[in-house]
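Asker: Have a look at this one.
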Ligand SMILES: Cc1ncc(COP(=O)(O)O)c(C=O)c1O
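Residue numbers (the numbering used here): 29 to 413.
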């Protein structure tokens, strides 16, 4: 079916909660996508940060094929080896506690919120301005953006949003706080790394008052910033973190990863999900982890990202560039980011996205090549010249 035919189906039958671009993709490989007419695109958005291993990574595809032909699903009433193995690997590689799987980022956040409230009954959840944690009620309540929250009020009570500064966090966190939920680098706000002193202040105040520090690593995790998890580079260790997006190598899986102190807060019956951590998504995630937890690949992410950011700073019309690994955001002097992203797609066959009126975001695959980065820069420069 052509993009035009699919648009007609959408107009008649699909709830209009997305503003889709008029392109229908049919195939992907590495950093490339192809549309229904055979045109090739350079993908610097990768399913909004889902394909850190690139499109259709052969190891991920092979693992899915193998698992799908053996056992697709059994529920969490039974054991499967892919899920137990993935939990063991994530816990040992990060916070040393335990792992609870979910199907998406928002669900991982819901798990973190419920865990924190069970740990400190009735406690407040502290979040920061500019944060984004998802669209379900708990995650939305932790996402202090008027335009996203207002139509859905009343939200979940007990959420407090403060500026992402050391002073504000220190003042907001107290004996009444169940958890502080933060992104180390805010993604949806346009790639804004939080100040290190704010993260340290949150850690110190959580320690002082017995609150849980939760890092939302849904976008920053799985190698995106040049280490498997972003917290590893800042020397501030959370009590728990949430993962999703690239965890499954392209399939939907999320996880709440705890440190030892929170590992046994949930008991049977407290939380659950029919599909969470099913054998097929867990097999895909194990294969993606095999690819991503590689010091050489991660070092390359840092180098390529710094090189890309330096080159973007020389592009006319770009005012500010923010970058951690291959998580890159830039502001345009003259605004018009949504229009630029659309022109990049339709005129240059470069996939990007606008996170706001002035800001464009790049989330290329971590296996992107230097030549592909240069190609993306050339396509972008052609539009801004
Ligand atoms: C930091 C962060 N947290 C949570 C979410 C929500 O994840 P999902 O869309 O899988 O529910 C996102 C999605 O963009 C995100 O970037």
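C-beta: ideal position from N, C-alpha, C; glycine also. Note that the structure is a prediction, hence the values are computed from the model and not measured.
Is it the case that the CB of residue 215 approaches a heavy atom of ligand 1 more closely than 7 Å?
Answerer: Here residue 215 corresponds to residue number 187 of the chain shown, with the count starting at 1. Yes - ligand 1 has a heavy atom lying nearer than 7 Å to the Cβ of residue 215.
Asker: Identify which residue in 411, 305 and 178 has its Cα closest to the Cα of residue 104.
Answerer: Residue mapping note: residue 104 aligns to position 76 of the chain shown, counting from 1. Comparing Cα-Cα distances from residue 104 to each of 411, 305 and 178, the minimum goes to 305.
Asker: Would you say residue 292 touches ligand 1, meaning its beta carbon is less than 7 Å from a heavy atom?
Answerer: Position 264 of the chain shown, counting from 1, holds the residue named residue 292. Not so, every heavy atom of ligand 1 lies at least 7 Å from the Cβ.
Asker: Please go through the same chain and pick out, in chain order, the residues whose beta-carbon is closer than 8 Å to the beta-carbon of residue 297, but skip the five residues on each side of it.
Answerer: Mapped onto the chain shown, residue 297 falls at position 269. If we look at residue 297 and ignore the five residues flanking it on each side, it has no Cβ neighbours.
Asker: Can you determine whether any heavy atom of ligand 1 sits closer than 7 Å to the C-beta of residue 362, and answer yes or no?
Answerer: As a working note, residue 362 is residue 334 in the chain shown. No; taking the cut-off as 7 Å, the Cβ of residue 362 has no heavy atom of ligand 1 nearer than that.
Asker: My parser needs the alpha helix (DSSP H) runs of 4 or more residues fully inside the segment 60 to 84; what are they?
Answerer: For the segment 60 to 84, whole alpha helix (DSSP H) runs of length 4 or above, ordered along the chain, are 74 to 77.
Asker: Assuming residue 383 contacts residue 389 under a Cβ cut-off of 8 Å, what Cβ separation, rounded to an integer in Å, is found between them?
Answerer: Along the chain shown, read from residue 1 onward, the residue named residue 383 stands at position 355. Along the chain shown, read from residue 1 onward, the residue named residue 389 stands at position 361. 5 Å between Cβ atoms; contact.
Asker: Beta carbon of residue 213, beta carbon of residue 171: below 8 Å?
Answerer: Start at 1 with the first residue of the chain shown, and residue 213 comes out as number 185. Start at 1 with the first residue of the chain shown, and residue 171 comes out as number 143. Their beta carbons are not under 8 Å apart, which means residue 213 does not touch residue 171 by this criterion.
Asker: For the structure I just gave you, are there three or more beta carbon pairs, one from the segment 272 to 287 and one from the segment 122 to 139, closer than 8 Å?
Answerer: They touch, by the three-pair rule.
Asker: Could you give the residue range of the beta strand (DSSP E) that holds residue 211?
Answerer: If you number the chain shown from 1, residue 211 lands on position 183. Looking at the DSSP string, residue 211 is not in any beta strand (DSSP E), and its letter there is neither H nor E.
Asker: So is residue 294 buried or exposed if we call it buried at 16+ other beta carbons inside 10 Å?
Answerer: By one-based count along the chain shown, residue 294 stands at place 266. Residue 294 is buried by the Cβ-count criterion.
Asker: Between which two residues does the beta strand (DSSP E) containing residue 389 stretch?
Answerer: Locating residue 389 in the chain shown gives position 361, counting from the first residue. Residues 387 to 390.
Asker: Checking 8 Å against the spacing of the C-beta atoms, do residue 391 and residue 77 come in under that value?
Answerer: The residue you call residue 391 lines up with position 363 of the chain shown. The residue you call residue 77 lines up with position 49 of the chain shown. Taking 8 Å as the Cβ cut-off, residue 391 and residue 77 qualify as a contacting pair.
Asker: To the nearest angstrom, how far is it from the Cα of residue 98 to the Cα of residue 92?
Answerer: Stepping through the chain shown from its first residue, residue 98 is reached at position 70. Stepping through the chain shown from its first residue, residue 92 is reached at position 64. Distance between the alpha carbons of residue 98 and residue 92: 10 Å.
Asker: So, do the segment 202 to 221 and the segment 146 to 157 have three or more beta carbon pairs nearer to each other than 8 Å?
Answerer: A contact exists between the segment 202 to 221 and the segment 146 to 157.
Asker: Does ligand 1 have even one heavy atom less than 7 Å from the beta-carbon of residue 174?
Answerer: On the chain shown, residue 174 is found 146 positions in, with the first residue counted as 1. No.
Asker: Do residue 70 and residue 341 have their beta-carbon atoms positioned less than 8 Å apart in this structure?
Answerer: Taking the first residue of the chain shown as 1, we reach residue 341 at position 313. Taking the first residue of the chain shown as 1, we reach residue 70 at position 42. No, the pair does not count as a contact, with Cβ atoms beyond the cut-off.
Asker: Taking the alpha-carbon of residue 372 as reference, which of 35, 409, 223 and 230 has the nearest alpha-carbon?
Answerer: Locating residue 372 in the chain shown gives position 344, counting from the first residue. Looking at the Cα atoms, 409 is the closest of the given residues.
Asker: Is it a yes or a no for the segment 306 to 325 touching the segment 261 to 276, going by three-plus beta-carbon pairs under 8 Å?
Answerer: Judged by Cβ distances under 8 Å, the segment 306 to 325 makes contact with the segment 261 to 276, as three or more pairs qualify.
Asker: Determine the direct distance from the alpha carbon of residue 323 to that of residue 267, and round the result to whole angstroms.
Answerer: Locating residue 267 in the chain shown gives position 239, where the first residue counts as 1. Locating residue 323 in the chain shown gives position 295, where the first residue counts as 1. If I take the Cα positions, the gap works out to 24 Å.
Asker: Is there at least one non-hydrogen atom of ligand 1 closer than 7 Å to the beta-carbon of residue 133?
Answerer: Residue 133 sits at position 105 when you count from the first residue of the chain shown. Yes - ligand 1 has a heavy atom lying nearer than 7 Å to the Cβ of residue 133.
Asker: Assess, as a yes-or-no matter, whether the segment 339 to 354 is touched by the segment 251 to 262 under the definition of 3 or more beta carbon pairs within less than 8 Å.
Answerer: Result yes; three or more Cβ-Cβ pairs closer than 8 Å.
Asker: How many whole angstroms separate the CB atoms of residue 168 and residue 240, which I take to be in contact at a CB cut-off of 8 Å?
Answerer: For the purposes of this step, residue 168 is taken as the residue at position 140 of the chain shown. For the purposes of this step, residue 240 is taken as the residue at position 212 of the chain shown. Contact doesn't hold; Cβ gap of about 20 Å is too wide.
Asker: Please give the ranges of any alpha helix (DSSP H) in the segment 127 to 187, keeping only runs that are unbroken, at least 4 residues long and fully inside the region.
Answerer: If we require 4 residues or more, the alpha helix (DSSP H) runs fully inside the segment 127 to 187 come out as 133 to 147, 165 to 169 and 174 to 177.
Asker: How would you write the range of the alpha helix (DSSP H) that residue 229 sits in, first residue to last?
Answerer: Working through the chain shown from its first residue, we reach residue 229 at position 201. Note, residue 229: alpha helix (DSSP H), 224 to 237.
Asker: Spell out a yes or no on whether the segment 229 to 245 and the segment 128 to 144 are touching, meaning 3 or more CB-CB pairs, one atom from each, closer than 8 Å.
Answerer: Because the criterion of three Cβ pairs below 8 Å is met, the segment 229 to 245 and the segment 128 to 144 touch.
Asker: My assumption, with CB atoms under 8 Å, is that residue 31 sits in contact with residue 47. Please give the rounded CB distance.
Answerer: By 1-based counting over the chain shown, the position of residue 31 is 3. By 1-based counting over the chain shown, the position of residue 47 is 19. Actually they are not in contact, since the Cβ atoms of residue 31 and residue 47 sit about 14 Å apart, beyond 8 Å.
Asker: Confirm the yes/no value for this check: CB of residue 244, any heavy atom of ligand 1, distance under 7 Å.
Answerer: As a first step, residue 244 must be located in the chain shown, where it is residue number 216. Yes.
Asker: Within its chain, find whatever has a CB closer than 6 Å to the CB of residue 217; leave out the 5 residues flanking it on each side and keep chain order.
Answerer: The residue you call residue 217 lines up with position 189 of the chain shown. Answer for residue 217: 158, listed in chain order.
Asker: So the alpha helix (DSSP H) residue 40 belongs to, where does it begin and stop?
Answerer: Taking the chain shown and counting its residues from 1, the one referred to as residue 40 is at position 12. Looking at the DSSP string, the run of the alpha helix (DSSP H) that includes residue 40 is 31 to 41.
Asker: Among 163, 358, 82 and 191, which one has its Cα closest to the Cα of residue 178?
Answerer: Locating residue 178 in the chain shown gives position 150, counting from the first residue. Comparing Cα-Cα distances from residue 178 to each of 163, 358, 82 and 191, the minimum goes to 163.
Asker: Put residue 263 into one of helix, strand or coil per three-state DSSP.
Answerer: The residue you call residue 263 lines up with position 235 of the chain shown. Here residue 263 sits in coil by DSSP.
Asker: Can you find a heavy atom of ligand 1 that lies under 7 Å from the Cβ of residue 162?
Answerer: Against the chain shown, residue 162 aligns to sequence position 134. Yes - ligand 1 has a heavy atom lying nearer than 7 Å to the Cβ of residue 162.
Asker: Taking only three categories from DSSP, how would you classify residue 330?
Answerer: As a first step, residue 330 is located in the chain shown; it is residue number 302 there, counting from the start. Of the three classes helix, strand and coil, the one that applies to residue 330 here is helix, per DSSP.
Asker: Assuming residue 23 and residue 374 make a contact with CB atoms under 8 Å, what is their CB distance in whole Å?
Answerer: Shown here, the chain extends from 29 to 413; a query on residue 23 therefore has no answer.
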